[in-house]
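Asker: The structure that follows is given in the form of structure tokens.
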Amino acid sequence: MAATVHGFQTQVTKLLDLLANSLYSNKEVFLRELISNASDAIDKLHFMSLTNQDLIKDDPNFKIQIRADKDSKTLTISDNGIGMTLDEANSHLGTIAESGTEAFMKNLTGDAKRDSQLIGQFGVGFYSSFIVADKVTVVSRSVNAAENEGVRWESDGNGTFTSENISVPFRGTQIILHLKDSESEFLDTWKLRDCITKYSDHISTPVELYEEKYEPKAEGEESKDTEKKFEYTQVNNAKALWTRTAKDIKEEEYNEFYKHISHDYQDPMTYAHNKVEGDLEYTSLLYIPKKAPWDLYNRTNEHGLKLYVQRVFIMDKAEAFLPNYMRFVKGLVDTNALPLNVSRELLQETAVTRKLKKALTKRVLSMLDKLSKDNDKYNEFYAQFGNVLKEGPVEDYDNKDAVLKLLRFASTNSDDATAKVSFDDYISRMKEGQDKIYYLTAESYEAAKNSPYLETLKNKGIEVLLMWERIDEWLMGNITEYSGKEFVPANSQDLKLGSLADEEEKKQQESAATEHKDLIERFKTSLGDKVKDVVVSTRLIDSPSCVISDANRMMTLQMRRILEASGQSMPEEKYTLEINPSHKLVQKANAETDDARFAKWAQLILDQALLSDQGALKDPSSFVKSMNELLLG
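The sequence shown begins at 4 in the working numbering and counts up one residue at a time.
This is the structure we're talking about:
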């Protein structure tokens with residue numbers, strides 16, 4: 004039966020076009036990726052064999068073998084792991100099984116150095132083969148398949164691949180790389196040995212290299228030409244890195260192990276390796292990446308730590324050991340307190356899992372707290388993962404204060420949009436007599452920074468935290484205070500200034516309300532039921548007006564927009580219009596004797612306030628038309 008020709012998933016074709024140039028400066032990465040994949044295949048079969056020894060009875064000793072053939076210019080990486088069926092080969096080797104592929108492709112720039120980081124961040128795995136090979140042949144047989152149900156998959160990376168069932172006498176997978184003429188260095192055993200030692204020493208499966216065997220000459224034996232002998236020799240240490248003593252492990256080894264488990268291209272931001280003894284014995288090795296993965300905000304995607312029980316791999320992406328807002332953490336946990344046959348469902352229910360989750364969550368928080376002492380590194384981390392961290396105070400109430408301590412925001416204390424001000428920083432700069440934390444949420448940094456709601460607070464020298472991410476409204480709607488200091492939005496009806504609002508100001512505000520009683524009535528009459536109320540503002544200095552929502556509103560503006568965008572019908576919300584009687588625009592409006600023209604001024608002043616608050620109007624064309632009429636007199 005002839006092999007079937009298939010077309011690659013579109014994104015794969017684009018990716019393969021970029022690989023040769025973008026990763027060329029670090030082309031050795033292909034060997035690390037292929038050995039890592041082979042190790043995963045062996046780990047999966049090892050776990051299955053715990054309950055069914057018959058699966059491996061014909062070949063019980065797990066190993067990864069690497070063999071170069073200079074005559075055929077091929078490099079073969081073999082494993083005796085779980086193997087693949089024809090459908091699995093077509094699926095795994097013909098598509099990129101990752102979310103966010105389109106977003107990834109859009110970010111590629113054509114700049115080889117920058118694209119290499121993006122590709123590495125995305126994780127290319129098997130496709131890195133095409134960095135050094137102009138054709139790749141995969142021969143595999145699933146552990147559950149008969150000899151005649153083996154698979155042969157082949158591609159030159161130019162848009163198509165062929166696949167067919169063939170007879171394969173062994174289980175596992177062979178990847179045969181037909182090397183480009185320019186990559187002949189990977190046919191030299193010294194080069195391969197160097198790469199294996201560098202990238203794969205920490206893998207617990209033996210990695211064997213087919214190399215020349217030198218027999219020591221017997222004493223007194225004459226030198227003579229003999230036929231060269233080759234055999235497989237174990238190259239790597241084959242001891243799981245996390246089982247070794249931390250002080251004996253170099254940083255480079257930790258970094259390489261991170262790349263092995265994460266398929267990331269860069270070193271991690273930081274890591275923590277801990278062995279805990281006592282009531283609950285376990286070892287954890289946790290990493291914080293430098294870059295966010297593409298699926299970070301897809302909460303339904305699988306994430307989590309690798310789980311080992313007594314050094315036996317049990318499952319990938321076990322999400323039960325860390326809360327969801329820590330889904331960016333990579334690493335593993337190894338314990339003897341769980342049974343080898345534990346399932347995902349059972350994990351959720353055990354007391355051991357709950358204790359491990361509590362301990363590992365504290366460990367990650369400790370890592371982040373330590374990282375936050377280095378402002379540059381923490382700013383780099385926060386730019387990638389800050390919005391995910393904001394899910395923590397609501398999701399993880401027990402650690403709410405610890406997570407709040409790690410959050411960062413921009414503020415009126417500087418003209419920098421970088422989120423680098425902590426709540427503790429804010430409190431340390433509070434004015435004497437201030438006992439509230441003021442913040443403002445908006446559509447953008449610019450909208451927040453220039454908001455009229457800040458005017459009186461700025462005038463008093465009170466710092467305001469500026470927030471504009473979608474999650475900020477949700478976060479601030481679910482927390483009330485930090486370190487005993489109440490959160491107050493700058494657009495609140497009552498700013499709760501307390502002693503910061505002096506008696507003279509209060510008297511002026513009271514007299515202003517009385518003094519401008521007729522002006523208020525005129526606006527109320529003109530605007531009618533378009534507003535809930537009209538009042539003299541106590542917060543405006545440079546702006547003519549602003550709108551204030553009900554202090555008891557149950558839904559934030561941002562949340563309304565999200566629900567409206569999803570197609571939900573929302574009841575219309577009416578605002579209180581605050582006007583600044585000393586502003587020339589308001590005075591100009593009040594000087595208008597024609598009631599029809601005053602009505603246009605009143606509508607314009609309301610629309611300006613709504614535009615400043617919400618960034619958009621329901622009927623912008625009417626606003627522009629009225630403004631033009633009034634400007635032209």
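Glycine included, every Cβ here is placed at the ideal spot set by N, Cα and C.
Do ASN240 and ASP184 have their C-beta atoms closer together than 8 Å?
Answerer: Indexing the sequence shown from 1 puts residue 240 at position 237. Indexing the sequence shown from 1 puts residue 184 at position 181. Taking 8 Å as the Cβ cut-off, ASN240 and ASP184 do not qualify as a contacting pair.
Asker: Just grab the DSSP bridge partners of PRO492 for me.
Answerer: Indexing the sequence shown from 1 puts residue 492 at position 489. PRO492 pairs with TYR442.
Asker: Just to confirm the assignment: which complete alpha helix (DSSP H) runs, minimum length 4, are found wholly within the segment 563 to 634?
Answerer: If we require 4 residues or more, the alpha helix (DSSP H) runs fully inside the segment 563 to 634 come out as 587 to 593, 598 to 617.
Asker: Between GLU696 and GLN68, is the Cβ-Cβ spacing less than 8 Å?
Answerer: The structure shown does not extend to residue 696, since the chain is modelled only from 4 to 636, so the question has no answer here.
Asker: Starting from ASP639, trace the beta strand (DSSP E) both ways and give me its first and last residue.
Answerer: The question about residue 639 has no answer, for the chain in this structure spans 4 to 636.
Asker: Considering Cα atoms alone, identify which of ASN147, ASP598, PHE11 is closest to HIS95.
Answerer: As a working note, residue 95 is residue 92 in the sequence shown. Out of ASN147, ASP598, PHE11, PHE11 has the C-alpha closest to the C-alpha of HIS95.
Asker: Rounded to whole angstroms, what is the Cα-Cα separation between ASN631 and VAL534?
Answerer: Start at 1 with the first residue of the sequence shown, and residue 631 comes out as number 628. Start at 1 with the first residue of the sequence shown, and residue 534 comes out as number 531. ASN631 and VAL534: Cα-Cα distance of roughly 23 Å.
Asker: Using 8 Å as the threshold, is the segment 461 to 481 in touch with the segment 515 to 530, meaning 3 or more CB pairs across them?
Answerer: With a cut-off of 8 Å, the segment 515 to 530 and the segment 461 to 481 do not count as touching, because too few Cβ pairs lie within range.
Asker: Per DSSP, ALA321 forms a beta bridge with which residues?
Answerer: The count along the sequence shown starts at 1 and reaches residue 321 at position 318. In DSSP, ALA321 forms a bridge with LEU308.
Asker: Quick check on DSSP: helix, strand or coil for THR459?
Answerer: Position 456 of the sequence shown, counted from the first residue, corresponds to residue 459. It is helical.
Asker: What separation, rounded to the nearest whole angstrom, lies between the Cα atoms of LYS621 and PHE601?
Answerer: Taking the first residue of the sequence shown as 1, we reach residue 621 at position 618. Taking the first residue of the sequence shown as 1, we reach residue 601 at position 598. Rounded to whole angstroms, LYS621 to PHE601 spans 21 Å at the Cα level.
Asker: Could you tell me the distance, in whole angstroms, from the CA atom of PRO342 to the CA atom of THR356?
Answerer: For the purposes of this step, residue 342 is taken as residue 339 along the sequence shown, with counting starting at 1. For the purposes of this step, residue 356 is taken as residue 353 along the sequence shown, with counting starting at 1. For PRO342 and THR356, the distance between alpha carbons rounds to 12 Å.
Asker: To which residues does DSSP link TRP156 through a beta bridge?
Answerer: Indexing the sequence shown from 1 puts residue 156 at position 153. VAL141, SER166, per the DSSP bridge assignment.
Asker: Below 8 Å, how does it come out for the segment 304 to 317 and the segment 325 to 339: are there three or more Cβ pairs, yes or no?
Answerer: Yes, since at least three Cβ pairs between the segment 304 to 317 and the segment 325 to 339 fall closer than 8 Å, the two stretches touch.
Asker: Just the Cα atoms here: how many angstroms apart are ASN481 and SER425?
Answerer: Taking the first residue of the sequence shown as position 1, residue 481 is located at position 478. Taking the first residue of the sequence shown as position 1, residue 425 is located at position 422. Cα to Cα, the separation comes out at about 18 Å.
Asker: Touch check for the segment 405 to 415 and the segment 334 to 349: three-plus C-beta pairs under 8 Å?
Answerer: Contact fails: fewer than three Cβ-Cβ distances are below 8 Å.
Asker: For MET470, name the three-state secondary structure that DSSP assigns.
Answerer: Against the sequence shown, residue 470 aligns to sequence position 467. Reduced to three states, the DSSP call for MET470 is strand.
Asker: With three or more C-beta pairs closer than 8 Å as the rule, is the segment 157 to 167 touching the segment 58 to 78?
Answerer: Too few Cβ pairs lie closer than 8 Å, so no.
Asker: Taking the alpha carbon of LYS242 as the point to measure from, which residue in ASP191, ALA504, GLU466, ARG314 has its own alpha carbon closest?
Answerer: The residue given as residue 242 occupies position 239 in the sequence shown. Residue ARG314 is the option with its Cα nearest to LYS242.
Asker: Between the Cα of LYS380 and the Cα atoms of GLU234, LEU443, MET272, LEU244, which residue gives the shortest distance?
Answerer: As a position in the sequence shown, residue 380 is number 377, starting the count at 1. Among GLU234, LEU443, MET272, LEU244, the Cα nearest to that of LYS380 is on MET272.
Asker: Can you tell me whether ILE99 is buried or exposed? The criterion is at least 16 other CB atoms within 10 Å of its CB, across all chains shown.
Answerer: Translated into positions along the sequence shown, residue 99 becomes position 96. In this prediction, ILE99 scores a pLDDT of 49, lower than 50, which makes its location untrustworthy; the coordinate-derived value is nonetheless stated afterwards. Classification for ILE99: buried.
Asker: Quick check on DSSP: helix, strand or coil for ALA275?
Answerer: Indexing the sequence shown from 1 puts residue 275 at position 272. Three-state result, ALA275: strand.
Asker: Could you check what DSSP says for ALA136 in three-state terms: helix, strand or coil?
Answerer: Taking the first residue of the sequence shown as position 1, residue 136 is located at position 133. DSSP places ALA136 in strand when its eight states are reduced to three.
Asker: Helix or strand or just coil, what does DSSP make of LYS403?
Answerer: Looking up residue 403 in the sequence shown gives position 400. Helix.
Asker: Just to confirm before moving on: does the CB-CB distance between LEU443 and SER454 stay below 8 Å?
Answerer: Here residue 443 corresponds to residue number 440 of the sequence shown, with the count starting at 1. Here residue 454 corresponds to residue number 451 of the sequence shown, with the count starting at 1. For LEU443 and SER454, yes; Cβs fall inside 8 Å.
Asker: For GLU394, does the three-state DSSP call read helix, strand or coil?
Answerer: To locate residue 394, count along the sequence shown from 1; it is residue 391. It is coil, neither helix nor strand.
Asker: For LYS373, does the three-state DSSP call read helix, strand or coil?
Answerer: Here residue 373 refers to the residue found at position 370 when the sequence shown is read from its first residue. The answer is helix: DSSP assigns LYS373 an H, G or I state.
Asker: Candidates ALA136, LYS439, ALA504, ALA321: which alpha carbon is nearest LYS463's?
Answerer: Residue mapping note: residue 463 aligns to position 460 of the sequence shown, counting from 1. Out of ALA136, LYS439, ALA504, ALA321, ALA504 has the C-alpha closest to the C-alpha of LYS463.
Asker: Which of the three DSSP states is assigned to ILE482 in this structure?
Answerer: Along the sequence shown, read from residue 1 onward, the residue named residue 482 stands at position 479. Of the three classes helix, strand and coil, the one that applies to ILE482 here is coil, per DSSP.
Asker: Report the rounded CA-to-CA distance for GLY153 versus TYR385, giving the unit in angstroms.
Answerer: Residue mapping note: residue 153 aligns to position 150 of the sequence shown, counting from 1. Residue mapping note: residue 385 aligns to position 382 of the sequence shown, counting from 1. In a straight line, the C-alpha of GLY153 is about 48 Å away from that of TYR385.
Asker: In the DSSP assignment, find the alpha helix (DSSP H) that holds THR338 and state where it starts and stops.
Answerer: Position 335 of the sequence shown, counted from the start, is the residue given in the question as residue 338. No alpha helix (DSSP H) holds THR338; the beta strand (DSSP E) holding it covers 333 to 338.
Asker: Cβ atoms of LYS30 and VAL135: under 8 Å apart, would you say?
Answerer: Against the sequence shown, residue 135 aligns to sequence position 132. Against the sequence shown, residue 30 aligns to sequence position 27. Going by C-beta atoms, VAL135 is nearer than 8 Å to LYS30.
Asker: Decide if TYR130 is buried, meaning its Cβ has at least 16 other Cβ atoms within 10 Å, or exposed.
Answerer: By one-based count along the sequence shown, residue 130 stands at place 127. Buried: at least 16 other Cβ atoms inside 10 Å.
Asker: Have a look at HIS276 and ARG247 and give me their C-alpha separation to the nearest angstrom.
Answerer: To locate residue 276, count along the sequence shown from 1; it is residue 273. To locate residue 247, count along the sequence shown from 1; it is residue 244. Cα to Cα, HIS276 sits roughly 10 Å from ARG247.
Asker: Taking the alpha helix (DSSP H) that GLN269 belongs to, which residues open and close that run?
Answerer: Against the sequence shown, residue 269 aligns to sequence position 266. Careful: GLN269 lies outside any alpha helix (DSSP H) and carries neither H nor E.
Asker: Exposed or buried, what is TYR400 when buried is set at 16 or more other beta-carbons lying within 10 Å of its beta-carbon?
Answerer: Start at 1 with the first residue of the sequence shown, and residue 400 comes out as number 397. Under this definition TYR400 is an exposed residue.
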